[in-house]
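In my numbering, the protein residues as written are -5 to 96.
Even glycine gets a Cβ: it sits at the ideal position worked out from N, Cα and C.
So the structure is just underneath, and the comments pick up after that.
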């Protein structure tokens, strides 16, 4: 499990006064399915976070991203900032290779 450090969740209100996106949390985690046996028959990642609920407390949220969507995410990342995306992919692959060798 890793915390995302440059990611935020934003919510837009339904009322006219709240007709703008506002950050509701920056405490966001990403987890690989293979880690902790979350869904052992699938591959992909989960993004987990909580947002304040209207009645008080927090509503826990999970976004499941299946392996079939990895290319779309990678393409969006490369279109936005190809050098940064390629460096991140290379670091992730290097880290994975180091862990699998050990």
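Original post:
residue 22: buried (16+ other C-beta within 10 angstroms of its C-beta) or exposed?
Top reply: buried
Original post:
Near residue 71, which residues of its chain fall below 7 Å by C-beta distance, leaving aside the five closest residues on each side in sequence?
Top reply: 79
**OP:** Determine the burial state of residue 90: buried for a count of at least 16 other Cβ atoms within 10 Å of its Cβ, exposed for fewer.
**Re:** exposed
**OP:** With residue -1 as the anchor, note down where its alpha helix (DSSP H) starts and where it stops.
**Re:** Here residue -1 belongs to no alpha helix (DSSP H), and DSSP marks it neither H nor E.
Original post:
How long is the line joining the alpha carbons of residue 88 and residue -5, rounded to whole angstroms?
Top reply: 17 Å
Subject >> Distance between residue -2 and residue 85 (C-alpha atoms, nearest Å) >> reply: 15 Å
Original post:
In angstroms, rounded to a whole number, what distance separates the CA positions of residue 41 and residue 15?
Top reply: 20 Å
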